[in-house]
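Take a look at the structure below.
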Amino acid sequence: PLMIDPQGQANRFIKLSQAKAQVKTCKASDSAKRVQQTLEMCLRLGNPMLLENVLEMLDPSLEPILANQTYKDASGTLVIKLGDNIIPYHHDFKFSLTTVIPNPHYAPEV
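If you're matching positions, the sequence shown starts at 1 in full-length UniProt numbering and goes up one per residue.
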């Protein structure tokens with residue numbers, strides 16, 4: 001889910017409620033490589049991921065996650081394609097986004 005969180009309450013809630021599941025956090029301002037590596041690790045291991053402080057324009061590389069573009073490969077494993085990589089999609093994976101923008105304007109598909 002995308003949460004509008006100008007006061008940081010949703011960030012705190014997610015970090016506390018998902019602590020047992022070892023939630024991993026990144027900020028939208030982190031390098032694309034770091035966000036990608038964290039996302040891939042969470043997808044494989046089933047950790048929840050929180051992407052904090054997103055802007056109104058989301059990185060297009062997140063589209064497969066946002067659109068839940070998963071499929072089963074030849075062996076029957078649920079996977080998702082991120083860029084050129086095909087990543088196993090763990091059934092426990094959860095993805096959350098927060099923004100501090102109080103009145104953001106996102107495309108309807110977000």
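We put the beta carbon where it would ideally sit given N, CA and C, even for glycine.
In this structure, the straight-line span from the alpha carbon of K94 to that of N103 is close to 25 Å. No Cβ-Cβ contact shorter than 9 Å links S61 with Q37.
Inter-residue distance for S29 and D73 is about 33 Å (C-alpha atoms, whole angstroms). The beta carbon of A32 sits closer than 8 Å to those of D59 and S61, all from its chain and outside the five residues before and after it, given in chain order. Of the other Cβ atoms in all chains shown, 16 or more fall within 10 Å of the Cβ of E52; this residue is therefore buried.
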